[in-house]
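>
Chains as they are written, first to last, in this note's numbering: chain A, -15 to 313; chain B, 14 to 401.
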């Protein structure tokens, strides 16, 4: 009785023991195909019996799982367990069509991402990048203008999932009032006092807008020139979701006009490339997608993926199915 | 002469008896006001020198002096002219200021002083204080930290000082939490790397605040405001303070000794005032008692920490990272900090927001009004609390 074959696409850094422990129920391989082309070939060869994949968004083969890759996946493959909350690099619709279910890592990412998010909200409201830069140039706080307190300001959260709710808890510690827009209103318990508003009302009445929604066909450029026109003058924008939920050019224009007073960004449309208009702006506070980059959170995420793999192999079900696949089981 | 109208100027808090005693015992002049019939009583020196009613004969209001700028509460400042004569100090430097204290400012009763005005007057030390006129009674300071003023010589001369507690708490705690996150998560490294065009290449993993122990040194208003924020990030809070707080104020934070704070905290936040007792509280010996890889954050005053010792501790790795809003000799910063790309540094931004700056200015003006009309400051500094 051969054990099911599980393939690792990428690296496991922290939970190596937990990965190795899977060998009680599976045969483990680490993808060593040098190129994408080689990988497609290997899917018909040494990987032709894989049942599940531990997937990371790495720079190697199938880091992006598009229609071509999916087309080449063997019929034995039923589960893709992705390491990451965002899974926009996996074509989940094409997976569903082929009977492949996908899991991601919600929950484990919430705190670390919300921490970055709150740092960016503070950094943008208080315009700290300018003061840090001025100091580092040897000019102390010369020319640095007064900024604003978070206290009493309205924080509008677009996308009230685990991360959005974690942001709310932090923001309230700073005296902010939270409202949100979501695909569906939350139960009172989950909303924990945050007011549900329509998308347009969120834009029109928030002092700070935080983007905490997934990237998909519906949400691409949801913040665009028209959205900016509906916002308050001097609004603060923060984004720890995916760069492409904002039209980056439109953001640069809005910063220039003063419609957006300041922004805090951890993600960019074409990262690692960043719009030069943002780089040239000393007020905006920019981080290079560090959302979950801590030892503690990276380990928690790796373990969550491994647990999804274990559940897939032993019970033929995933623990944290992506929302698009929930109706399939 | 409608003398009585003068005495309606003080606030309602001033009792009629209080007024009458001042009238009756004033050495300035005999007063025609006779509707109060009170026994003559000897007046204590404190009482006599505290109270500033308007003089019935000369109708002059107390003279107050602004040292520095008022930017947001200009109308509130102007409104003080109902109880005081207002002057804005135009002395060019300390020498000229001392001359002016014998000249045009020789009858001032109170000053509104700002942190930056030290550039003109120098510190309010014994040398300067002895040049102030005998009329001078109140220093109303704009700022929570008042280490620019030597309290003991003020107390000796019967000069009372107010500062700005509470109005500073939120804005300072916001900076403090920003620095804790920035230092734990190595954000400066990441931001600098990005701005150099290197994205996150070479930027190592960092640490979450969740579950870490935050040690707060100095659990006043700012320390307590910080606790509230830190708990939203999943931190556990312990503190050391001159005195243990009531359970209500401590709100679940654990009181520990100074040494235990050093030895058991993952993050140490400095939130204590600077005075002769607290200078270099964090020094080489203190660093030795700390956990390896500790995070240090300071929004108090630079000199509560030996900056050179911090640089050494960073170099050795004893301190994994630091977040600082204040420096021993600011605006000068130790070169060992400037050359360190991991540490996250702000140029004393603590309360620099429109909202908080206005609140603080109003708090100083309220202290002045209270001093002139009730002979009591609203927020007298802790060292002088027993004097009112």
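Positions of the beta carbon are idealized from the N, C-alpha and C atoms, including for glycine.
May I ask whether a heavy atom of the ligand SAH can be found less than 8 Å away from the beta carbon of residue 129 of chain B?
The ligand SAH is absent from the structure shown, which contains no ligands of any kind.
> Does the CB of residue 120 of chain A have a neighbour CB from chain B at under 9 Å?
Numbered from 1 along the first chain, position 136 holds the residue referred to as residue 120 of chain A. When Cβ-Cβ separations below 9 Å define contact, residue 120 of chain A makes contact with chain B.
> What's the call for residue 101 of chain B, buried or exposed, on a 16-neighbour Cβ count within 10 Å?
Residue mapping note: residue 101 of chain B aligns to position 88 of the second chain, counting from 1. Exposed, because fewer than 16 other Cβ atoms sit within 10 Å of the Cβ of residue 101 of chain B.
> According to DSSP, which residues form a beta bridge with residue 393 of chain B?
The count along the second chain starts at 1 and reaches residue 393 of chain B at position 380. Paired residue(s): B:175.
> Using the rule of at least 16 other Cβ atoms within 10 Å of the residue's Cβ for burial, across every protein chain shown, is residue 370 of chain B buried or exposed?
The count along the second chain starts at 1 and reaches residue 370 of chain B at position 357. Label assigned to residue 370 of chain B: buried.
> Using DSSP with H/G/I as helix, E/B as strand and the rest coil, what is residue 100 of chain B?
Counting from one through the second chain, the residue named residue 100 of chain B turns up at place 87. Residue state, collapsed to three classes: strand.
> Would you check if the region 203 to 216 of chain B and the region 237 to 248 of chain B touch, i.e. whether three or more CB-CB distances between them fall below 8 Å?
no
> Are the Cβ atoms of residue 246 of chain B and residue 160 of chain A separated by less than 9 Å?
The residue you call residue 246 of chain B lines up with position 233 of the second chain. The residue you call residue 160 of chain A lines up with position 176 of the first chain. In this structure, residue 160 of chain A does not lie closer than 9 Å to residue 246 of chain B by Cβ.
> Counting pairs of Cβ atoms below 8 Å between the region 71 to 89 of chain B and the region 326 to 346 of chain B, do you hit three or more?
no
> Shorter than 9 Å from the beta carbon of residue 124 of chain A to some beta carbon of chain B?
The residue you call residue 124 of chain A lines up with position 140 of the first chain. Yes, residue 124 of chain A counts as interfacial toward chain B.
> What residues in the region 214 to 246 of chain B bring their beta carbon closer than 9 Å to a beta carbon of chain C?
Any reference to chain C falls outside this structure, whose protein chains are A and B.
> Output yes if chain B places a C-beta closer than 9 Å to the C-beta of residue 132 of chain A; else output no.
Taking the first residue of the first chain as 1, we reach residue 132 of chain A at position 148. Closer than 9 Å to some Cβ of chain B, the Cβ of residue 132 of chain A qualifies, so yes.
> With a 10 Å radius around its C-beta and 16 neighbouring C-beta atoms as the bar for buried, classify residue 40 of chain B as buried or exposed.
Indexing the second chain from 1 puts residue 40 of chain B at position 27. With a pLDDT of 44 at residue 40 of chain B, under the threshold of 50, the modelled position of this residue cannot be trusted, and the question is left open.
> Is residue 40 of chain B helix, strand or coil by DSSP?
Counting from 1 along the second chain, the entry for residue 40 of chain B is found at position 27. Caution is warranted here: a pLDDT of 44 is assigned to residue 40 of chain B, below 50, making its placement in the model unreliable, and the coordinate value is therefore given only provisionally. Residue 40 of chain B: coil per DSSP, three-state reduction.
> Is the Cβ-Cβ distance between residue 234 of chain B and residue 157 of chain B less than 9 Å?
As a first step, residue 234 of chain B must be located in the second chain, where it is residue number 221. As a first step, residue 157 of chain B must be located in the second chain, where it is residue number 144. The Cβ atoms of residue 234 of chain B and residue 157 of chain B lie closer than 9 Å to each other.
> Can you tell which of B:212, B:390 and B:274 has its C-alpha closest to the C-alpha of residue 232 of chain B?
For the purposes of this step, residue 232 of chain B is taken as the residue at position 219 of the second chain. Checked all of B:212, B:390 and B:274; the closest Cα to residue 232 of chain B is B:274.
> DSSP on residue 143 of chain B, reduced to helix/strand/coil?
By one-based count along the second chain, residue 143 of chain B stands at place 130. Residue state, collapsed to three classes: coil.
> Decide if residue -12 of chain A is buried, meaning its Cβ has at least 16 other Cβ atoms within 10 Å, or exposed.
Residue numbering aside, residue -12 of chain A sits at position 4 when the first chain is read from its first letter. Burial call: buried.
> Using 9 Å as the threshold, is the C-beta distance between residue 164 of chain B and residue 397 of chain B below it?
Stepping through the second chain from its first residue, residue 164 of chain B is reached at position 151. Stepping through the second chain from its first residue, residue 397 of chain B is reached at position 384. A contact, by the Cβ cut-off of 9 Å.
> Compare the Cα-Cα distances from residue 52 of chain A to each of A:66, A:74 and A:69 and report the closest residue.
Residue numbering aside, residue 52 of chain A sits at position 68 when the first chain is read from its first letter. Cα-wise, what sits closest to residue 52 of chain A is A:74.
> Which runs of the alpha helix (DSSP H) spanning at least 4 residues fall entirely within the region 261 to 289 of chain B, listed in chain order?
Whole alpha helix (DSSP H) segments, 4+ residues: 271 to 277.
> Using beta-carbon positions only, say whether residue 370 of chain A and residue 98 of chain A come within less than 9 Å of one another.
Absent from the model: residue 370 of chain A. The displayed extent of chain A is -15 to 313, so no value can be given.
> Can you tell me where the beta strand (DSSP E) with residue 65 of chain A in it begins and where it stops?
Counting from one through the first chain, the residue named residue 65 of chain A turns up at place 81. Start and end: 63 to 67.
> For residue 273 of chain A, which residues in chain B fall below 7 Å Cβ to Cβ?
Start at 1 with the first residue of the first chain, and residue 273 of chain A comes out as number 289. Within chain B, the residues near residue 273 of chain A are 213.
> Based on Cα-Cα distance, which residue from A:26, A:167, A:128 and A:77 lies nearest to residue 365 of chain B?
Along the second chain, one-based indexing puts residue 365 of chain B at 352. Considering only A:26, A:167, A:128 and A:77, the residue with the shortest C-alpha distance to residue 365 of chain B is A:128.
> Tell me the rounded alpha-carbon separation between residue 153 of chain A and residue 203 of chain B.
Position 169 of the first chain, counted from the first residue, corresponds to residue 153 of chain A. Position 190 of the second chain, counted from the first residue, corresponds to residue 203 of chain B. If you take the alpha carbons of residue 153 of chain A and residue 203 of chain B, they lie about 25 Å apart.
> For a contact meaning CB atoms closer than 7 Å, what does residue 206 of chain B contact in chain A?
Locating residue 206 of chain B in the second chain gives position 193, where the first residue counts as 1. Within chain A, the residues near residue 206 of chain B are 272.
> Nearest-angstrom Cα distance between residue 257 of chain B and residue 268 of chain B?
In the second chain, counting from the first residue as 1, residue 257 of chain B sits at position 244. In the second chain, counting from the first residue as 1, residue 268 of chain B sits at position 255. In a straight line, the C-alpha of residue 257 of chain B is about 6 Å away from that of residue 268 of chain B.
> Just to confirm before moving on: does the CB-CB distance between residue 220 of chain A and residue 245 of chain A stay below 9 Å?
For this step, residue 220 of chain A is matched to residue 236 along the first chain. For this step, residue 245 of chain A is matched to residue 261 along the first chain. Yes, these two residues count as a Cβ contact at 9 Å.
> Any C-beta of chain A sitting closer than 9 Å to the C-beta of residue 116 of chain B?
To locate residue 116 of chain B, count along the second chain from 1; it is residue 103. No, residue 116 of chain B does not count as interfacial toward chain A.
> Indicate whether the contact test is met: 3 or more Cβ pairs, each with one atom in the region 120 to 137 of chain B and one in the region 325 to 333 of chain B, closer than 8 Å.
Put simply, the region 120 to 137 of chain B does not touch the region 325 to 333 of chain B. Fewer than three CB pairs are less than 8 Å apart.
> If the cut-off is 8 Å on Cβ atoms, which residues from the region 328 to 344 of chain B count as contacting chain A, listed in chain order?
343 and 344
> Any idea if residue 263 of chain A is buried or exposed, counting beta-carbon neighbours within 10 angstroms, 16 or more meaning buried?
Position 279 of the first chain, counted from the start, is the residue given in the question as residue 263 of chain A. Exposed: under 16 other Cβ atoms inside 10 Å.
> Fully enclosed by the region 6 to 79 of chain A, which alpha helix (DSSP H) runs are 4 residues long or longer?
20 to 26 and 51 to 56
> If you run the structure through DSSP and keep just helix, strand and coil, what is residue 258 of chain A?
Counting from 1 along the first chain, the entry for residue 258 of chain A is found at position 274. Coil, per DSSP.
> Can you tell which of B:248, B:244 and B:230 has the C-alpha that lies nearest to the C-alpha of residue 276 of chain B?
Taking the second chain and counting its residues from 1, one reaches residue 276 of chain B at position 263. Closest by alpha carbon: B:230.
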